[in-house]
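Asker: Protein sequence lines correspond, in order, to chains A and B.
First residue of the first sequence? That's 1 in my numbering, and the numbers climb one at a time after it.
First residue of the second sequence? That's 1 in my numbering, and the numbers climb one at a time after it.
Each residue gets a CB set at the ideal place from its N, CA and C atoms; glycine is no exception.
Number of protein chains: 2
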Amino acid sequence: MANKPIIVLVRPQLGENIGKAARAMLNFGITEMRIVNPRDGWPNPSAGPAAAGADIVLDQAKIFETTAEAVADCEHVYATTVRKRGVTKPVVGADGAARLMHRHSGRHAVLFGREASGLETEDVALARHILTVPINPEFGSLNLAQAVILIAYEWSRIGREMAESDLVQPTAEDETLPPAPQDDLEGLIAHLEGMLAPKGYFLPSDREEATKRTLRSVLTKPGWNHLEVRTLRGVLSSLARPDKG
Amino acid sequence: MANKPIIVLVRPQLGENIGKAARAMLNFGITEMRIVNPRDGWPNPSAGPAAAGADIVLDQAKIFETTAEAVADCEHVYATTVRKRGVTKPVVGADGAARLMHRHSGRHAVLFGREASGLETEDVALARHILTVPINPEFGSLNLAQAVILIAYEWSRIGREMAESDLVQPTAEDETLPPAPQDDLEGLIAHLEGMLAPKGYFLPSDREEATKRTLRSVLTKPGWNHLEVRTLRGVLSSLARPDKG
Chain A
1 MANKPIIVLV RPQLGENIGK AARAMLNFGI TEMRIVNPRD GWPNPSAGPA
51 AAGADIVLDQ AKIFETTAEA VADCEHVYAT TVRKRGVTKP VVGADGAARL
101 MHRHSGRHAV LFGREASGLE TEDVALARHI LTVPINPEFG SLNLAQAVIL
151 IAYEWSRIGR EMAESDLVQP TAEDETLPPA PQDDLEGLIA HLEGMLAPKG
201 YFLPSDREEA TKRTLRSVLT KPGWNHLEVR TLRGVLSSLA RPDKG
Chain B
1 MANKPIIVLV RPQLGENIGK AARAMLNFGI TEMRIVNPRD GWPNPSAGPA
51 AAGADIVLDQ AKIFETTAEA VADCEHVYAT TVRKRGVTKP VVGADGAARL
101 MHRHSGRHAV LFGREASGLE TEDVALARHI LTVPINPEFG SLNLAQAVIL
151 IAYEWSRIGR EMAESDLVQP TAEDETLPPA PQDDLEGLIA HLEGMLAPKG
201 YFLPSDREEA TKRTLRSVLT KPGWNHLEVR TLRGVLSSLA RPDKG
C-alpha cells in the first residue's frame, strides 16, 4: 500500500510513550516517525524496551527543533485534537483522513501533541485538516499510542478496502497537482508578512499573533500547488515594485 | 447507540492490562467487562491506577470460572485471534464485527485471550465468528488494550455511520462557512488586478488574458468565505499604503 503517513510526535514527554507509538505504527506497517523537541532528549533509553521490537521505527526516527521544520517537506498536514478547536478547518475522522491519504499523492504528516496538553495553537495552524476521533464526552482518555494506533489501523483498513473495491479510479483531484510542500507555503507567508509589517498591518502589537494566525489560516486553506505558490510569489514581487512609467 | 459489546477477558495475567482495557472501552462508551479466571485474583490493586478513571467499568466487572459461563447469556460470541486458525468459522474484521453488533439484536460478547498466548482452542470453539485484525505479518504485536480499543472504536464508528446513512448529513466542510458569494470574489480579483496593472504585471499585453485567467484560477480554488475575502481585501489595502514611520 502506498502513501504511508508520517507520524510526527510534537514535544513528547516520556520515552516510553515514544516506544509504544513506534510499536503501534509497525503493527500496521507504518515506519516513518518524526519527533519535535522531545523533552528528555534523543535517543531515549526508555523508548527501546517499550517498542517491543519495533526498533526499525526508532532507529530511523528524525529529530526536529520545531514542528514547522518537521513538516517542511510535507504536502498534507493533519493536526490531531480531541476537541474541535474554534478554527475553520475541515474536520475529518481517522477513516476520513485515511481516505485522503490513499487518494492524494504527496507526503501526509499527522501531528500528535504532548501527552498532557496536546498540540499548541501554532502547531494546529500548520495543518490543513483537523483530525479528531469522536470519543465518550464524559470520559475522553486516549493515550498517545492509542491515538497513533487508531490512525495506523484506519490507514491499513481503508487501504485494503480501496484495493479490494473496483472503485479505485483516479478522481478528478488526482489529476491535479498535489499541494506544495509546507516549506513553499511558509515562504509565501513569510514574503507577505514581510511586506505587510512596514505598512502597520500587524498593529496594535497585542493583536499581532492573532492577525498572523488568521492570515496563515486563509493562505493554508487552498492547498495551492507549487505552481500556484510561485504565481503568488510573483504577484507579491510585482506589488512591491514601484509603478511603471 | 444500542447493542454495546461485552468485553470478555479470558484468563488475563496482569491487573494493569485489565485496567488499560477498561480505559480503552470507556473512551468509546463501552462499560460491560467480564473476566474469566484472572491469574492474580480479583479485585486486583494494579487495575485501578491503570484504568485512569474508568472505575465504573472495573467496579461492575463480573468474574467467571470458565469462558462458557461468561458467555452463557450471550447470543453472539466473537473470538479475537491474530492469526486465522484452522477452524471453519466466518472471519470478520473489527469493522465487520461492529456491523453485526449494530444489525443484530442480542448480547454480543468479544473474547480476548491472555496476553502471552491468546485464546485456547476450547474458547474459540464457543464463538460463531473469528474476529481478526489484519496486521503486519512481519511485526504482529498488538497488546490487549490496543486490541480492545480497536474493537471499541469500530463499534462506535460504525454506529455513527449507520445512524447517519439514512439522513442527508452535512459534511465536514458544511460545518464551516460556505464560500463567499461570487460577487465578493469578483471584488477581490478586481482589487488585486487594479493594483497589479500599474506594476506592469500584465505585460506583455498579448499574455494579459492568460495571466488574468491564471490569477483568477488561483484565487477561485480556495472557496474562501466572506470573512476570509474581507481579510484579503484588508491585506491589499494595507499593501497599497505607503510604509509607516
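Less than 7 Å between C-beta atoms, sequence neighbours within five positions excluded: which residues of the same chain meet that for B/P10?
Answerer: Stepping through the second sequence from its first residue, residue 10 of chain B is reached at position 10. This sequence places Val at residue 10 of chain B; Pro is not what is there. The answer, listed in chain order, is V36, T67, L111, F112, G113, R114, L119 and D123.
Asker: Which one or two residues does DSSP pair with B/I246 in a beta bridge?
Answerer: Limits of chain B in this structure are 1 at one end and 245 at the other, which puts residue 246 of chain B out of reach.
Asker: Whole-angstrom Cβ separation of A/M25 and A/A61, contact assumed at under 8 Å?
Answerer: Taking the first residue of the first sequence as 1, we reach residue 25 of chain A at position 25. Taking the first residue of the first sequence as 1, we reach residue 61 of chain A at position 61. That pair is no contact at about 10 Å.
Asker: Identify the contact partners of A/R207 in chain B, using a Cβ-Cβ distance below 8 Å as the criterion.
Answerer: Along the first sequence, one-based indexing puts residue 207 of chain A at 207. The contacting residues do not exist; A/R207 stays about 13 Å from chain B at best.
Asker: Could you tell me which residues DSSP pairs with A/V110 in its beta bridges?
Answerer: Translated into the one-based positions of the first sequence, residue 110 of chain A becomes position 110. According to DSSP, which records beta bridges pairwise, A/V110 is partnered with A/I7 and A/Y78.
Asker: For B/H191, which three-state DSSP category applies?
Answerer: As a position in the second sequence, residue 191 of chain B is number 191, starting the count at 1. If DSSP states are grouped into helix, strand and coil, B/H191 belongs with the helices.
Asker: For B/V235, does the three-state DSSP call read helix, strand or coil?
Answerer: Translated into the one-based positions of the second sequence, residue 235 of chain B becomes position 235. B/V235: helix per DSSP, three-state reduction.
Asker: Where are the alpha helix (DSSP H) runs, 4 residues long or more, that stay fully inside the region 112-172 of chain A, in chain order?
Answerer: The region 112-172 of chain A contains these whole alpha helix (DSSP H) runs: 121-124 and 144-164.
Asker: Anything in the region 90-108 of chain B with a Cβ closer than 9 Å to a Cβ of chain A? List those residues in chain order, please.
Answerer: Flagged, chain order: G93, A94 and D95.
Asker: So, under 8 Å CB-CB, B/A70 and B/I130 are touching, yes? Tell me the CB distance rounded to an integer number of Å.
Answerer: Within the second sequence, residue 70 of chain B is the residue found at index 70, counting from 1. Within the second sequence, residue 130 of chain B is the residue found at index 130, counting from 1. Not really, about 18 Å apart at Cβ, beyond 8 Å.
Asker: Quick one: Cα of B/A125 to Cα of B/F64, how far?
Answerer: Locating residue 125 of chain B in the second sequence gives position 125, where the first residue counts as 1. Locating residue 64 of chain B in the second sequence gives position 64, where the first residue counts as 1. If you take the alpha carbons of B/A125 and B/F64, they lie about 18 Å apart.
Asker: If contacts are defined as beta-carbon pairs under 8 Å, then A/L196 and A/V229 qualify, I think. What distance do you get, rounded to the angstrom?
Answerer: Numbered from 1 along the first sequence, position 196 holds the residue referred to as residue 196 of chain A. Numbered from 1 along the first sequence, position 229 holds the residue referred to as residue 229 of chain A. So it is not a contact: roughly 18 Å between Cβ atoms.
Asker: At least one CB of chain B closer than 7 Å to the CB of A/L58: is that the case?
Answerer: In the first sequence, residue 58 of chain A corresponds to position 58, counting from 1. Not an interface residue.
Asker: Buried or exposed: B/E154, going by 16 or more other Cβ atoms within 10 Å of its Cβ?
Answerer: Mapped onto the second sequence, residue 154 of chain B falls at position 154. By the 10 Å Cβ count, B/E154 comes out buried.
Asker: Closer than 7 Å, CB to CB, is B/V218 near chain A or not?
Answerer: Here residue 218 of chain B corresponds to residue number 218 of the second sequence, with the count starting at 1. So yes, B/V218 belongs to the interface.
Asker: Please tell me whether B/G200 has its Cβ less than 7 Å away from any Cβ of chain A.
Answerer: By 1-based counting over the second sequence, the position of residue 200 of chain B is 200. So yes, B/G200 belongs to the interface.
Asker: What is the rounded straight-line gap between the Cα of A/T220 and the Cα of A/T231?
Answerer: Sequence index remark: in the first sequence, residue 220 of chain A carries index 220 (1-based). Sequence index remark: in the first sequence, residue 231 of chain A carries index 231 (1-based). Approximately 15 Å, taken between the alpha carbons.
Asker: Do you know offhand how far B/T211's Cα is from A/R213's?
Answerer: The count along the second sequence starts at 1 and reaches residue 211 of chain B at position 211. The count along the first sequence starts at 1 and reaches residue 213 of chain A at position 213. Those two C-alpha atoms are separated by around 30 Å.
Asker: Between A/A147 and B/I189, what straight-line distance do the alpha-carbon atoms span, to the nearest angstrom?
Answerer: The residue labelled residue 147 of chain A in the question sits at position 147 within the first sequence. The residue labelled residue 189 of chain B in the question sits at position 189 within the second sequence. Rounded to the nearest angstrom, the two C-alpha atoms are 43 Å apart.
Asker: For B/E175, which of helix, strand or coil comes out of DSSP?
Answerer: Within the second sequence, residue 175 of chain B is the residue found at index 175, counting from 1. Low confidence applies here, because B/E175 scores a pLDDT of 49, under 50, leaving its location unreliable; read the following figure in that light. If DSSP states are grouped into helix, strand and coil, B/E175 belongs with the helices.
Asker: Could you work out which residues of chain A lie near B/V261, taking near to mean beta carbons separated by less than 8 Å?
Answerer: A question about residue 261 of chain B goes unanswered here, because the residues of chain B that appear run from 1 up to 245.
Asker: Where does the unbroken alpha helix (DSSP H) through B/A47 begin, and where does it stop?
Answerer: Translated into positions along the second sequence, residue 47 of chain B becomes position 47. Note, B/A47: alpha helix (DSSP H), A47 to A51.
Asker: I need the DSSP call for B/A57, collapsed to helix, strand or coil.
Answerer: Here residue 57 of chain B corresponds to residue number 57 of the second sequence, with the count starting at 1. Per the sequence presented here, residue 57 of chain B reads as Val, with Ala not at that position. Three-state DSSP puts B/V57 in a helix.
Asker: With which residues is A/V229 paired in a DSSP beta bridge?
Answerer: Mapped onto the first sequence, residue 229 of chain A falls at position 229. The partner list for A/V229 (beta bridge, DSSP) is empty, contrary to what the question assumes.
Asker: With a CB to CB cut of under 8 Å and the five nearest residues on each side skipped, what residues in its chain are close to A/E173?
Answerer: Stepping through the first sequence from its first residue, residue 173 of chain A is reached at position 173. Annotation note: pLDDT 43 at A/E173 (below 50); position unreliable, no value reported.
Asker: Using alpha carbons as the reference points, say which of B/N3, B/D40, B/N27 and B/I30 lies closest to B/P12.
Answerer: What you label residue 12 of chain B is simply residue 12 of the second sequence in a count that begins at 1. Checking every option, the nearest Cα to that of B/P12 belongs to B/D40.
Asker: For the candidate residues A/G19, A/S117, A/V77 and A/V82, whose alpha-carbon lies nearest to that of A/A54?
Answerer: On the first sequence, residue 54 of chain A is found 54 positions in, with the first residue counted as 1. It is A/G19.
Asker: Give a yes or no on whether the C-beta atoms belonging to A/A97 and A/V77 are separated by under 7 Å.
Answerer: Translated into positions along the first sequence, residue 97 of chain A becomes position 97. Translated into positions along the first sequence, residue 77 of chain A becomes position 77. Contact: no.
Asker: Can you give the beta carbon distance from B/N17 to A/F139, rounded, assuming they're within the 8 Å contact cut?
Answerer: Translated into positions along the second sequence, residue 17 of chain B becomes position 17. Translated into positions along the first sequence, residue 139 of chain A becomes position 139. No, B/N17 and A/F139 are not in contact; Cβ-Cβ is about 19 Å, not under 8 Å.
Asker: Residue range of the alpha helix (DSSP H) that A/D95 falls in?
Answerer: By 1-based counting over the first sequence, the position of residue 95 of chain A is 95. Residues A94 to R103.
Asker: Please say whether A/R23 and B/K199 have beta carbons closer to each other than 7 Å?
Answerer: Taking the first residue of the second sequence as 1, we reach residue 199 of chain B at position 199. Taking the first residue of the first sequence as 1, we reach residue 23 of chain A at position 23. Result no, Cβ atoms of B/K199 and A/R23 do not sit closer than 7 Å.
Asker: Whose C-alpha, out of A/I56, A/V8, A/A52 and A/G106, is nearest the C-alpha of A/P38?
Answerer: As a working note, residue 38 of chain A is residue 38 in the first sequence. The option with the nearest alpha carbon to A/P38 is A/V8.
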